[in-house]
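Scroll down for the structure; my scribbles are underneath it.
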Amino acid sequence: MLATLYPTEKGHVARYERDLKHSAEQAWAWLTDNGKLAQWFAELSSHDLREGGTMRFDMGDGAFEEMKITDFSEGSVLEYEWGEDSVRFEIEPRPDGCRLVLIETIRRITDHTPKDLAGWHVCLDAVEALMNGGEFLSREDEWKTRYEQYVEAIRAL
Numbered sequence: 558m559l560a561t562l563y564p565t566e567k568g569h570v571a572r573y574e575r576d577l578k579h580s581a582e583q584a585w586a587w588l589t590d591n592g593k594l595a596q597w598f599a600e601l602s603s604h605d606l607r608e609g610g611t612m613r614f615d616m617g618d619g620a621f622e623e624m625k626i627t628d629f630s631e632g633s634v635l636e637y638e639w640g641e642d643s644v645r646f647e648i649e650p651r652p653d654g655c656r657l658v659l660i661e662t663i664r665r666i667t668d669h670t671p672k673d674l675a676g677w678h679v680c681l682d683a684v685e686a687l688m689n690g691g692e693f694l695s696r697e698d699e700w701k702t703r704y705e706q707y708v709e710a711i712r713a714l
């Protein structure tokens, strides 16, 4: 299911939801443990997990972008800067597992926006597959499909 996109006073929001058949604790580990994080987003790592701490994005050329953690609640909320925007993960326990929510707050729609949206979509698919004990082999093909869908979704706004 594609993210729900909607306008706000300060731009737009993309909201993704995944109902997982795993505990909130397990889902939290996939967002914050660098060993697990590297399996679905190799460029991203967590440092000093607390409000005011940082997430680090490896630019691949020896440079790193430090992204400030702006909201944090152990086991349930992780929000950090994402360029001019922000990403927020929320985990809600459910009787049969948990709901993983990703909210990207987008100040300005650009040509890069559908790329980011497709990327987060594929990342969440990868997290779910890995949590289920599988692999996620077709990242590039899946991303291309999702990219086109998000281009259309943004046009419809």
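One gets my numbering by counting positions in the sequence shown from 1 and adding 557 to each.
Backbone N, C-alpha and C define an ideal beta-carbon position, used for all residues, glycine too.
Since the structure is predicted, the reported quantities are computational estimates derived from the model, not experimental observations.
Sequence-distant residues of its chain with Cβ nearer than 6 angstroms to residue i (five each side left out)
i, result
"VAL634", "ASP628, GLU647"
"GLU699", "VAL679"
"VAL644", "GLU661"
"HIS579", "GLY654, MET688"
"MET612", "SER603, MET624, TYR637"
For residue i, the residue or residues it bridges with in DSSP
i, result
"ASP574", "As written in the sequence, residue 574 is Glu, which differs from the Asp given in the question. According to DSSP, which records beta bridges pairwise, GLU574 is partnered with VAL658."
"GLY568", "THR565"
Own chain, CB closer than 8 angstroms to residue i, minus 5 neighbours either side, in chain order
i, result
"THR502", "Coverage of the chain is limited to positions 558 through 714, which leaves residue 502 absent and any answer about it impossible."
"GLY632", "ALA581, GLU582, TRP585, ILE648"
7 angstroms Cβ cutoff met for residue i and residue j
i, j, result
"GLU570", "THR667", "The question names Glu, but residue 570 is Val in the sequence shown. Going by C-beta atoms, VAL570 is not nearer than 7 angstroms to THR667."
"ILE626", "GLU608", "yes"
"TYR704", "PRO671", "yes"
"TYR637", "ALA675", "no"
"LEU659", "TYR573", "yes"
"GLU600", "ASP615", "yes"
"ALA710", "LEU562", "yes"
Buried or exposed (CB count within 10 angstroms, at least 16 for buried), residue i
i, result
"ASP673", "buried"
"ALA620", "exposed"
"ASP682", "buried"
"LEU694", "exposed"
Residue i: CB within 6 angstroms of a non-hydrogen atom of the ligand FAD
i, result
"LEU606", "The ligand content of the structure shown is nil, which means the ligand FAD is not present either."
7 angstroms Cβ shell around residue i - same chain, five flanking residues per side excluded
i, result
"GLN596", "LEU687"
"GLU685", "ARG575, LEU577"
"LYS567", "ARG664"
(Q) Could you tell me which whole beta strand (DSSP E) segments of length 3 or greater appear in the stretch 618-672? (A) 621-630, 634-639, 642-651, 654-663
**Q.** Any alpha helix (DSSP H) of 4 or more consecutive residues that is wholly inside the stretch 591-620
**A.** Fully enclosed alpha helix (DSSP H) runs of 4 or longer: 591-597.
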